[in-house]
Amino acid sequence: MRKKIIAGNWKMNYAVNKADEFVNEIKDRINTNEVDVVLCPNFVSLERISDLIDDSNIKLGAQNVYFEDKGAYTGETSVDMLTSVNVKYCIVGHSERRKYFNETDEMVNKKALKLLEKDVSPIICVGETLEERDAGKHFDIVKEQVEKALQNIDKEKVKSKIVIAYEPIWAIGTGVTATSSQANEMCKYIRDIIAKLYTQNIADLVRIQYGGSVKPSNAKEILEQSDIDGALVGGASLTNDFVAIVNY
Ligand code: PGA
53 MRKKIIAGNW KMNYAVNKAD EFVNEIKDRI NTNEVDVVLC PNFVSLERIS
103 DLIDDSNIKL GAQNVYFEDK GAYTGETSVD MLTSVNVKYC IVGHSERRKY
153 FNETDEMVNK KALKLLEKDV SPIICVGETL EERDAGKHFD IVKEQVEKAL
203 QNIDKEKVKS KIVIAYEPIW AIGTGVTATS SQANEMCKYI RDIIAKLYTQ
253 NIADLVRIQY GGSVKPSNAK EILEQSDIDG ALVGGASLTN DFVAIVNY
């Protein structure tokens, strides 16, 4: 049985004080063992949030990382910097990073490999645009993203650390959610790809989240699908709605 993982991606929201206040407000109500709960605040809030959730089951996630160990990379953040504040998960390849910061599949793969060296779980985001779906290319697009992201990642790491988030771009921040069957169909397809790359047993252990306009009103239906093992929540993770989603 795969344990569900519900992550809140705050994106570029909440400066330190507000982040602090919000975590104090919701902390006790998202502190559960039923599902893995991950908060992904902005870099500047990581340390503070790390302290605030230290005595809870809530885990800390980052929204991005760089794939070099250290050096002259102005503005970037290394995996060691993340682990120094107890980061356990890191989102990679979010569609906003692919779109606005030209992140490629190759970079996603390098970031995932570097995170795994230090035992941080990558949450690898994949997903198609509306045009790609309308053209019937969504399966091919996602297949390529998954295969490239997982290159050279060994089976032990895949089985114990990798999380995939299927996020159709047309559903992110739009209020339009994929139907639960569309979401489950793609998550199942991703599992089949992992089974082909590794084995079915390994694929059965990998957690695959759905992301894109997840809210309290649709969380339960989405999370009860056979191949959906959690949610990556954007907008709704900034409010009390996140409490409702975690306690779906
Ligand atoms: P959303 O964002 O929940 O606001 O649609 C999801 C995401 O980008 O991870």
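Okay, so the sequence shown: first residue is 53 according to my numbering, each after it adds one. Backbone N, C-alpha and C define an ideal beta-carbon position, used for all residues, glycine too.
(message) If you follow the alpha helix (DSSP H) that SER233 is in, where does it begin and where does it stop?
(response) 232-249
(request) Please find out if some non-hydrogen atom of the ligand PGA comes closer than 7 Å to the beta-carbon of GLU155. (result) no
(message) Give the residues whose C-beta lies closer than 6 Å to at least one heavy atom of the ligand PGA, in chain order.
(response) ASN61, GLU219, ILE224, GLY225, GLY263, GLY264, SER265, VAL266, LEU284, VAL285, GLY286, GLY287 and ALA288
(message) Looking at VAL117: is its Cβ nearer than 8 Å to the Cβ of THR129?
(response) yes
(request) Please classify SER173: does DSSP put it in a helix, a strand, or coil? (result) strand
(request) Buried or exposed for ARG81, please, with buried defined as at least 16 other CB atoms from any protein chain shown within 10 angstroms of its CB. (result) exposed
(request) Would you tell me roughly how many angstroms separate the C-alpha atoms of GLN203 and TYR300, rounded to the nearest one? (result) 35 Å
(message) In the DSSP assignment, the alpha helix (DSSP H) including ASP186 goes from what residue to what residue?
(response) 182-186
(request) Inspect the CB distances between the segment 94-112 and the segment 147-156 and report whether three or more fall short of 8 Å. (result) no
(request) Alpha carbon to alpha carbon, how far is ILE214 from ASN253? Give it in angstroms, no decimals. (result) 14 Å
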